[in-house]
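So the sequence lines, in the order shown, correspond to chains P and W. Quick note: the first sequence uses this note's numbering, first residue 156, plus one each step. Quick note: the second sequence uses this note's numbering, first residue 186, plus one each step. All residues carry an ideal CB built from backbone N, CA and C; glycine is no exception.
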Amino acid sequence: MADRLPSPLRLLVHQIGYQNRVFRRVPIAAFFTLAFPLMFLLLFAAIFGDVGISGGHEVAAAQFYAPGLAVFTAASATYTNIGISTAVARDEGILRRVRSTPLPRWVYLGGVVGSGVCIAVFGVALMLTVGIGIYGVDADAGRLLPAVVAFVVGTASFAMLGLALAALAPSGQSSPALAQATILPMAFVSDVFISVGDDPARWLEVVGDVLPLKAFVESFFAAFDPYRTGSAWEPELLVRMGLWGVFGAVVAARRFRWEPSTGSSSGPRGDRSRRHQGRSVPS
Amino acid sequence: MVSLAAVSASPALTVSGLGKSYGDVRAVDDLSFHVEPGEVFALLGPNGAGKSTTVEILEGHRSRDAGTVEVLGHDPGTAPGGFRDRIGIVLQEVGVERELTVREALVHYGACYSRRRPVDEVLELVGLDGLGDRRTHRLSGGQKRRIDLALGIIGDPDLLFLDEPTTGFDPSARRQAWEMVDGLRSLGTTIVLTSHYMDEVQALADRVLVIANGRAVAAGTPDELRGSMDRETAIRARFPMDREGTVTGLLEGLAGRSTVRDGRLDVRTEDPTADLHRLTGWALERGVALDDLEVVRPTLEDVYLDLVGGEPGEGTDG
Ligand SMILES: Nc1ncnc2c1ncn2[C@@H]1O[C@H](COP(=O)(O)OP(=O)(O)OP(=O)(O)O)[C@@H](O)[C@H]1O
Ligand SMILES: [Mg+2]
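What follows is the structure in structure tokens.
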């Protein structure tokens, strides 16, 4: 009996495709994840133009902003997107339905994570294409591998944090506020929108160093850094991100719920239930 | 692993001493029953009786505090993943992706099962033919509920749970759903359904368990349940209330049991001819009009209301 079940791998591929399709059909999510960071790139490039660096060279501001915003896109595609869409799916009773099918739960969550990574790949490619194509951002092919590894560790970690967010969000409705209230301040102390500067308040630096986004930005930016001469590997930053990923996975594993939060374990108290409350014996 | 032979030889489902509390609320209290393969079994009871709690424990959606449960040879609390491949579940409260069309939802969820019914066949069975390409959020409430039915049977289950499957259906949709259940029954599918509708239970169920406040109050075939009152006929009429004394005199003279409530007289009697004669004689003598006078055989609904009517559980929920 069990051997006739579709193989988990095929199901996983199917799930990723399905989550991608759902994402494409929610224009607001696509806008905030993909177009919003791109808008920032256009703004920053227009505001700051070219900046001088040592040796009399001029470098486009986009050289600094495009990699950082690419990382921000990847974090949005995983953390924000997974956290919100999963919490909403739970409130709508969709996770409940998933649980009533033979689909292994890890395959469902694997589809959620895999789709987040797909969107992140697309968003980063889009950002870098615009950066390289329009603003002449310089990318050194020799440093491609460190950037790819930083991307893989970073998106995986932020995907786990997204699942943790979905697990902790009290409801689907509150999840966007929770996601934005965590990712945006983090972006400000992580050199995404502004460089914290040469002489920042010490605590800003410490906060940025503890949280995972700055490690993601710096390890990815290493491959684009015009000042940098040696290797672009940042093993310590990778470990820091990875630890956050493990933390997210642990929280998700312990706290993830498949039943809607409203009405504890009894299911969504939607229109349907309200409609027939108090109608004990219709004639 | 359970061979098909073993499944068909033993009950599809056995429950004994099942109990479940939510804090102080004893939602299910010492329920025991079993369902034979191929049978249509109904759980009947008022709001808050514990029907959903019971079926969701059987489906593995909720945990239990007490008792043993075996569904297709497995304890649903610890069953392996393949267990859900053989059961179909229509939950009372469940959502579907608003971004998908009806057909996409069926294809998507169907992909999880080892056996699959053709999508077009399912659409037709539940009465959604012609709506396959519509986004689910553009459907009416009753049409949405049909998606739940469709997704319950897409994996061609051996055992199907239906928790109030036809709530929100118009009369013809209900008939169609009944035909679907009948069709599944004739294919050998075992079905456990909950309902508030007597006619639904009468039309579909081989056996019924009536529960109130989490406890069993009656069990049997629909005919057996009715049979407990089979020999009695009901005589009903609107009744003038301002004649307390004379009413009492009359009521004592009748052979059957009678009650006067909200200005309505209800007599349950095994001798309707004589009691009707006494009643009308009494009324003619005093010039009293007995409006809406009727003589009826009790329906399953009458039996049901008698069984659960006095239960305080009805008031707690609605
Ligand atoms: N998650 C929950 N937390 C607390 N109490 C609950 C929960 N789910 C159900 N109950 C309570 O348990 C009792 C049984 O509920 P259940 O949903 O099983 O009833 P039901 O027979 O399905 O009712 P209905 O006909 O309204 O669907 C009710 O008193 C209900 O209020
Ligand atoms: Mg219920």
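- The segment 328 to 342 of chain W makes contact with the segment 297 to 305 of chain W: 3 or more CB pairs, one atom from each, lie closer than 8 Å.
- With a 10 Å radius around the Cβ and a threshold of 16 neighbouring Cβ atoms, W:Asp250 comes out exposed.
- Nearest to W:Pro231 by alpha-carbon distance, out of W:Gly245, W:Ala212, W:Phe218, W:Glu221, is W:Ala212.
- In the structure shown, P:Phe402 falls within a helical segment according to DSSP collapsed to helix, strand and coil.
- At least 8 Å separates the CB of P:Ser312 from every CB of chain W.
- Note that the segment 223 to 243 of chain P touches the segment 176 to 194 of chain P; at least 3 beta-carbon pairs, one per stretch, sit closer than 8 Å.
- Under the Cβ distance rule, P:Ser255 counts among the residues neighbouring chain W, one pair being separated by less than 8 Å.
- Of W:Val240, W:Asp384, W:Pro356, W:Gly448, the smallest CA-CA separation from W:Leu378 is found for W:Val240.
- At a Cβ-Cβ threshold of 8 Å, P:Ser312 and P:Gly403 count as neighbours.
- Per DSSP, reduced to three states, the secondary structure at P:Leu224 is helical.
- Around ligand 2, the residues selected by a Cβ distance under 7 Å to any of its heavy atoms are W:Lys236, W:Ser237, W:Gln277, W:Asp348, W:Glu349, W:Thr379, following chain order.
- For the alpha helix (DSSP H) assignment, the uninterrupted runs of no fewer than 4 residues enclosed by the segment 272 to 301 of chain W are, from N- to C-terminal side, 287 to 295.
- Annotated as proximal: W:Leu439 and W:Arg463, with beta-carbon spacing under 8 Å.
- Within the chosen limit of 7 Å, ligand 1 reaches the beta carbon of W:Val210 through at least one heavy atom.
- If you check the CB distance, W:Ala358 and W:Gly327 come in under 8 Å.
- In the structure shown, W:His462 falls within a helical segment according to DSSP collapsed to helix, strand and coil.
- Of the heavy atoms belonging to ligand 1, at least one sits nearer than 7 Å to the Cβ of W:Ala234.
- For the pair of segments examined, the segment 308 to 319 of chain W was found not to touch the segment 252 to 272 of chain W: the number of CB pairs separated by less than 8 Å stays below three.
- If you draw a straight line from the Cα of W:Leu369 to the Cα of W:Leu389, it is about 11 Å long.
- Taking 9 Å as the Cβ-Cβ cut-off, the segment 278 to 299 of chain W approaches chain P at Glu278, Val279, Gly280, Val281, Glu282, Arg283, Glu284, Leu285, Glu289, His293, Tyr294, Ala296, Cys297, Tyr298, Ser299, given in chain order.
- Residue range 260 to 290 is occupied by the alpha helix (DSSP H) that includes P:Tyr290, with no beta strand (DSSP E) assigned at that position.
- Here the segment 385 to 402 of chain W lies against the segment 198 to 218 of chain W, with 3 or more beta-carbon pairs under 8 Å apart.
- Assignment of W:Glu409 by DSSP, reduced to helix, strand and coil, places it in the helix class.
- Beta-bridge partners of W:Phe218 (DSSP): W:Val200.
- Between P:Phe411 and P:Ala322, the gap from beta carbon to beta carbon is short of 8 Å.
- The residue from P:Arg245, P:Ala377, P:Phe199 with its alpha-carbon nearest to that of P:Pro325 is P:Arg245.
- The CB of P:Pro161 comes closer than 9 Å to the CB of Ala296, Cys297, Tyr298, Ser299 in chain W, given here in chain order.
- Taking every protein chain shown into account, the CB of W:Asp476 has fewer than 16 other CB atoms within 10 angstroms, so this residue is exposed.
- Residue contact with chain P for W:Asp477: absent (no Cβ-Cβ distance below 8 Å to any residue of chain P).
- Our two residues, P:Phe371 and P:Phe343, have alpha carbons roughly 14 Å apart in a direct line.
- Per DSSP, W:Ser380 lies in no alpha helix (DSSP H); the unbroken beta strand (DSSP E) holding it starts and ends at 375 to 380.
- With 16 or more other Cβ atoms inside 10 Å of its own Cβ, W:Ile272 counts as buried.
- Residue environment: W:Leu334 is assigned as buried (16 or more neighbouring CB atoms within 10 Å of its CB, all protein chains considered).
- By the Cβ-count criterion, W:Asp408 is exposed, with fewer than 16 other Cβ atoms from all chains shown falling within 10 Å of its own Cβ.
- Straight-line measurement puts the Cα of W:Gly223 at about 36 Å from the Cα of W:Gly208.
- For P:Leu166, the C-beta contacts it makes with chain W under 8 Å involve Ala296, Cys297, in order along the chain.
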